[in-house]
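Each remark here refers to the structure printed beneath this line.
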Amino acid sequence: MSYGPTNEQRELIEMLRGKPTVGEQLVDIVFHTLYKLHEEHHRVILREPDDLETKAYRAGLHFAERKLLEVYESIKEAK
(Lines of atoms letter the chains of each structure in order from A and count residues from 1; the text may use other names and numbers.)
(Lines give C-alpha, C1' and ligand atoms only; values in the text may rest on other atoms or scores of the structure.)
Protein backbone atom coordinates (compact mmCIF):
# COMPACT_ATOMS: atom_id res chain seq x y z
CA MET A 1 0.00 0.00 0.00
CA SER A 2 1.32 3.42 -0.91
CA TYR A 3 0.83 6.12 1.71
CA GLY A 4 2.42 8.97 -0.25
CA PRO A 5 0.43 11.90 -1.61
CA THR A 6 -1.56 11.39 -4.80
CA ASN A 7 -1.24 13.72 -7.78
CA GLU A 8 -4.47 15.46 -6.73
CA GLN A 9 -3.09 15.99 -3.24
CA ARG A 10 0.11 17.44 -4.69
CA GLU A 11 -1.97 19.85 -6.81
CA LEU A 12 -3.92 20.95 -3.73
CA ILE A 13 -0.68 21.52 -1.83
CA GLU A 14 0.58 23.72 -4.66
CA MET A 15 -2.72 25.65 -4.69
CA LEU A 16 -2.43 26.26 -0.95
CA ARG A 17 1.16 27.43 -1.32
CA GLY A 18 -0.23 30.16 -3.57
CA LYS A 19 -1.83 31.64 -0.42
CA PRO A 20 -5.43 31.94 -1.63
CA THR A 21 -7.55 34.70 -0.17
CA VAL A 22 -10.13 33.83 2.45
CA GLY A 23 -12.99 33.58 0.04
CA GLU A 24 -14.57 31.14 -2.33
CA GLN A 25 -11.24 29.77 -3.58
CA LEU A 26 -10.10 28.80 -0.08
CA VAL A 27 -13.51 27.34 0.77
CA ASP A 28 -13.39 25.28 -2.43
CA ILE A 29 -9.88 24.00 -1.65
CA VAL A 30 -10.79 23.04 1.91
CA PHE A 31 -14.04 21.37 0.82
CA HIS A 32 -12.32 19.45 -1.99
CA THR A 33 -9.57 18.29 0.36
CA LEU A 34 -12.14 17.22 2.94
CA TYR A 35 -14.00 15.25 0.27
CA LYS A 36 -10.81 13.51 -0.87
CA LEU A 37 -9.88 12.58 2.71
CA HIS A 38 -13.35 11.12 3.21
CA GLU A 39 -13.10 9.20 -0.08
CA GLU A 40 -9.65 7.82 0.84
CA HIS A 41 -10.92 6.78 4.27
CA HIS A 42 -13.68 4.69 2.68
CA ARG A 43 -11.29 3.23 0.10
CA VAL A 44 -8.97 2.03 2.86
CA ILE A 45 -11.85 0.53 4.85
CA LEU A 46 -13.08 -1.44 1.84
CA ARG A 47 -9.85 -2.51 0.17
CA GLU A 48 -6.98 -2.71 2.63
CA PRO A 49 -6.19 -5.43 5.18
CA ASP A 50 -7.29 -4.84 8.75
CA ASP A 51 -3.79 -4.78 10.22
CA LEU A 52 -2.19 -2.40 12.70
CA GLU A 53 -0.58 -0.22 10.01
CA THR A 54 -3.91 0.25 8.22
CA LYS A 55 -5.69 1.04 11.49
CA ALA A 56 -3.11 3.73 12.25
CA TYR A 57 -3.51 5.18 8.74
CA ARG A 58 -7.32 5.20 9.09
CA ALA A 59 -7.02 6.92 12.47
CA GLY A 60 -4.82 9.60 10.88
CA LEU A 61 -7.33 10.11 8.07
CA HIS A 62 -10.17 10.40 10.57
CA PHE A 63 -8.25 12.95 12.64
CA ALA A 64 -7.42 15.00 9.53
CA GLU A 65 -11.07 14.91 8.42
CA ARG A 66 -12.26 16.20 11.80
CA LYS A 67 -9.70 19.01 11.90
CA LEU A 68 -10.37 20.06 8.31
CA LEU A 69 -14.11 20.03 8.95
CA GLU A 70 -13.52 22.44 11.86
CA VAL A 71 -11.55 24.73 9.52
CA TYR A 72 -14.27 24.53 6.86
CA GLU A 73 -17.01 25.38 9.36
CA SER A 74 -15.04 28.31 10.79
CA ILE A 75 -14.45 29.71 7.29
CA LYS A 76 -18.14 29.40 6.44
CA GLU A 77 -19.10 31.12 9.73
CA ALA A 78 -16.69 33.99 9.07
CA LYS A 79 -18.46 34.87 5.83
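For the sequence shown, numbering that gives the first Met the number 0 assigns the number 0 to the initial residue and increments by one for each residue that follows.
Ideal Cβ positions, reconstructed from N, Cα and C, are used throughout, including at glycine.
Asked	Found
On the CB-based measure, 16 or more other CB atoms within 10 Å of its CB, does leucine 60 come out buried or exposed?	buried
Determine the closest residue to alanine 104 out of Phe30, Asp49, Glu52, with distance taken between C-alpha atoms.	Summary: the structure shown does not reach residue 104, with the chain confined to residues 0 through 78, and so no result is reported for it.
Arginine 80 and isoleucine 44 look like a contact to me (Cβ under 8 Å); what is the Cβ gap, rounded to whole Å?	Residue 80 lies beyond the stretch modelled for the chain, which goes from 0 to 78, so this question has no answer here.
Name the two residues that bound the continuous alpha helix (DSSP H) containing aspartate 49.	Run containing aspartate 49: none; DSSP gives neither H nor E here.
Taking C-alpha atoms, which residue in Pro48, Lys54, His40, Asp50 lies nearest to arginine 65?	His40
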